[in-house]
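Student: Could you have a look at this structure, given as structure tokens, before my questions?
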Amino acid sequence: MRIGVVEDDDGVADALMDALEANRITAQRMSRGGDLLIRHPDFDLILLDLGLPDMDGIEVLRRLRRISAVPVIILTARDDERSVVRGLRNGADDYLVKPARMTELLARVEAIRRRAARARQTVSTTTREFGDLTIDLAGRNISVAGEAVPLTTKEFDLLAALVDNPGTATSRQQLMDQVWGDTFVSVSKSLDVHMTALRAKLGRPARIETIRGFGYRWIG
Ligand code: CA
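Written out as structure tokens, the structure is:
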């Protein structure tokens with residue numbers, strides 16, 4: 001397993017690299033968030049600091065999640081609840097506060113590695129079919145009546161959040177949390193825009209029911 005360590009502090013980075021190598025884990029260090037956005041395909045797991053010189057770690061994570069599903073453990077000095085929640089909502093797989101005990105870090109790395117291995121085994125069962133609509137959740141593509149329909153990342157995330165619970169009402173808040181990670185006032189409008197686009201692309205209006213004043217329901 002190859003781990004990418006994103007850490008601008010030389011002392012912290014050296015200690016991490018030494019400990020990982022002592023456990024026969026190949027690790028490479030990057031000191032800027034921008035480096036990760038380029039080099040992420042080289043790694044199986046990322047340890048991400050939040051206080052980085054070029055951009056905030058949460059922003060790095062947000063951008064990374066548009067292009068990659070590589071597991072990420074945030075490793076940071078920030079221990080307030082808001083930072084933890086923002087990190088996890090924006091796609092971190094785990095969160096550790098510095099200074100982290102190395103045994104704990106290694107245990108969490110191992111847990112994520114096992115989860116990833118299990119996910120690879122079940123990847124073939126992540127296709128959902130609703131009439132002539134086929135949704136490949138792992139491959140992130142859909143087809144309607146046999147024709148591939150290109151969706152944007154947000155449109156796909158919205159669709160995936162809806163079909164997760166067929167027949168069950170999903171609140172706007174829940175959708176915004178799931179798709180945008182952190183909810184700002186402006187996102188409410190974005191949700192409407194993306195939902196309109198998604199409905200138009202699906203061309204199956206009866207599949208997404210609007211529940212006034214609450215949210216939406218996927219009709220399976
Ligand atoms: Ca830092």
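Numbering (my numbering), first residue to last: 1 to 220. Every residue gets a Cβ at the ideal spot worked out from N, C-alpha and C, and that includes glycine.
In the DSSP assignment, what residue or residues form a beta bridge with Ile208?
Tutor: For Ile208, which the question treats as bridged, DSSP gives the partners Trp218.
Student: Does the distance from the CB of Leu159 to the CB of Thr170 come in under 9 Å?
Tutor: No, they are not a contact pair.
Student: What do you reckon, is the C-beta of Glu7 under 8 Å from a heavy atom of ligand 1?
Tutor: Yes - ligand 1 has a heavy atom lying nearer than 8 Å to the Cβ of Glu7.
Student: Flag this pair as touching only if the segment 37-44 and the segment 14-22 have three or more C-beta atom pairs under 8 Å; answer yes or no.
Tutor: Result no; under three Cβ-Cβ pairs closer than 8 Å.
Student: At which residues does the alpha helix (DSSP H) containing Leu175 begin and terminate?
Tutor: Arg172 to Trp180 is the extent of the alpha helix (DSSP H) around Leu175.
Student: What number of angstroms, rounded off, separates the C-alpha of Ser143 from the C-alpha of Lys98?
Tutor: If you take the alpha carbons of Ser143 and Lys98, they lie about 45 Å apart.
Student: Could you check where the alpha helix (DSSP H) with Arg65 kicks off and where it finishes?
Tutor: Run containing Arg65: Gly57 to Ile67, per the alpha helix (DSSP H) assignment.
Student: So, for Pro166: in the same chain, excluding its five sequence neighbours on each side, which residues have a beta-carbon less than 6 Å away from its beta-carbon?
Tutor: Excluding positions up to five away in sequence, the list reads Trp218 and Gly220.
Student: Are Ser31 and Glu59 touching if we call contact CB-CB under 9 Å?
Tutor: It is not a contact, given that the beta carbons lie outside the stated cut-off.
Student: Taking the beta carbon of Phe214 as the centre, do at least 16 other beta carbons fall within 10 Å, making it buried, or is it exposed?
Tutor: Label assigned to Phe214: exposed.
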